[in-house]
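Just so we're aligned, residue 773 is where the sequence shown starts under this note's numbering, counting upward by one.
Below is one structure, written out as structure tokens; comments come after it.
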Amino acid sequence: MVSSAPMSSQNVVVWTLLIKQALSENLPNLAFTLFNNMKRRGFQPNERTYATIFSGYNQLPELTDKQWDRVTGIWNQYQSFLEVAKLQDAHTRSSQSLVSPYVPYFEMLGKRGEYERLMEIFQSMDVDGPFAPDKFVYTTVLLQIGQRRYMSGVNGATSTASDDALIQNAQNTIAIADRMRETSAFDSFALSAILRGLMKGTDEHRQYGYDLLADVFGATPDNANFLESTTTELDHRLLDLVLELCCTMEKYDLVLDLFSKLKSSNKLKSLLTRSHMDYVLDSISFLAARSIPTSSEIDPSTPEPPPTSTKYSNEAMSVLEFMLHEGYGGHSMDILPNRGTYTRVERAKYKLLLDDVKRAKARLKQEN
């Protein structure tokens, strides 16, 4: 119908809308035909056209090999389009496309497990200027890399990731973060994706993430000014990862310190969820375990546990009371305890009981 319409009624916008409609109705063959007919009629695809077609293919349940070959061919055409655009006037790239064509294409590469190809394309992008990655591209690359489970890139793998894949994920994450540092393209979503990619790497990878927080917030979590950043918004997802990172790095005292500051702030207290409380209670349990002396360190003449042992049991109960008070007091987030919460509280109290048992054994041994 469009092909037979007068040229005066045809333009790139009309053809792009037709392609979008065909893909939304799960008609990729028709969309591909329309794309080719558009060019035959003398209308050159623009960035929105490419974003539309990649987004449409990305929404399909599964791509056949033939469809993927078509996507690859269109991608190559898009690269040629970019080269011409750069030569003509790089500044002409405007907000024609709200979503960069790179975003859906990178997502398709991630679904296919082609992580090396994804990183190769990402690293070939301009470092700065209108054709450099934006925050959406950065976040997409980080999220896709973080999904790698096997170095072989097997599709649909759901079992535990191999150590090699986790380390490679962390290394790629650092490479991406280093580029972001040059442009200060951090927001809470991108930073969350970075921390998630580093978390299961080595100690050095986690330390990189910890130090990166200083670049974004102006201070590391152990600094009194950490929660006072005005450049990056701390949301509940990012807070969850910051606490997880501190726990993974065994900075348990720091977790409790952050919790103390958060619950004292009317603004930040509203961020707290049950997930955050889990990290707080886990930290209390680990600190309680550390406080239990070995059998050789116990003085049998001392019948009661030292104050440090009792302290952590009381702290766990205090956290539980806080959750109940906030949960039934109109807290904006899901903070009420569940079965796992009570298990964590009992675990902290169990450490105190374990201390009592050790002391009882020491006294019996002395008496005998």
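A virtual CB, placed ideally from N, CA and C, is assigned to each residue, including glycine.
With at least 16 other beta carbons inside 10 angstroms of its own, G828 counts as buried. Annotation for K1023: P993, D994 place their beta carbon closer than 8 Å to its own, counting only its chain and skipping 5 residues before and after. Counting C-beta atoms within 10 angstroms of its own C-beta, A996 has fewer than 16 neighbours from the protein chains shown and is therefore classed as exposed.
T912 has its alpha-carbon roughly 35 Å from the corresponding atom of F1058. Bounds of the alpha helix (DSSP H) holding S960 are 960-971.
Note that the C-beta distance between R1116 and D1054 is below 8 Å.
Counting the other Cβ atoms within 10 Å of the Cβ of L967 gives 16 or more, which makes it buried. When the beta-carbon positions are compared, M810 and P800 stay at least 8 Å from each other. Residues of the same chain with a CB within less than 7 Å of the CB of G882, apart from the 5 flanking positions on each side, are L890, Q916, Q919 in chain order. Distance between E879 and A965, taken at the CA atoms: about 15 Å. Within its own chain, the residues whose Cβ lies closer than 7 Å to the Cβ of F961, once the five positions on either side in sequence are excluded, are T911, listed in chain order.
Closest by C-alpha distance to Q793, out of A803, R1062, G973, is A803. With fewer than 16 other CB atoms across the displayed protein chains lying within 10 angstroms of its CB, P833 is exposed.
Taking 8 Å as the cut-off, the Cβ atoms of L1043 and L1006 count as close.
Distance from the Cα of R921 is smallest, within the candidate group N798, V871, G885, V909, for G885.
Judged by DSSP in its simplified three-state form, E797 adopts coil rather than helix or strand.
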